[in-house]
Amino acid sequence: MKKVKRSFDDYVAYFRQGSLNDREIASRLGVSRVNVWRMRQKWESGEISVNEDSRVTISEDTFEHLVAQT
1050 MKKVKRSFDD
1060 YVAYFRQGSL
1070 NDREIASRLG
1080 VSRVNVWRMR
1090 QKWESGEISV
1100 NEDSRVTISE
1110 DTFEHLVAQT
């Protein structure tokens, strides 16, 4: 059985939803409950944060749409 690597964002999507427990999240993601527990600890502690140097690239159309809504 090949292990699947999941990103932190995969876990966070379920944590924010709040309707599933760790066992159900582990089952859906195909990971162990321990991995879910560890990621939940990081998420709840705020250990993972966005770097000031992090950048996001968006298309010009998306940018214009965002500007038009402000």
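Straight run, no breaks: the sequence shown in this note's numbering ends on number 1119.
Don't be surprised by glycine CBs; every beta carbon is placed ideally from N, CA and C.
Residue range of the alpha helix (DSSP H) that includes residue i
i, result
"residue 1078", "1071-1078"
"residue 1065", "1057-1066"
"residue 1089", "1082-1094"
"residue 1111", "1109-1118"
Where residue i falls, given that 16 or more other Cβ within 10 Å makes a residue buried
i, result
"residue 1050", "Residue confidence is low: residue 1050 scores 48 on pLDDT, short of 50, so the model does not pin down where it sits. No coordinate-derived value is stated."
"residue 1083", "exposed"
"residue 1116", "exposed"
"residue 1062", "exposed"
Short Cβ contact (8 Å threshold) for residue i with residue j
i, j, result
"residue 1059", "residue 1078", "yes"
"residue 1068", "residue 1075", "no"
> Does the segment 1104-1114 come close enough to the segment 1076-1091 to have 3 or more Cβ pairs within less than 8 Å?
Replying inline: no
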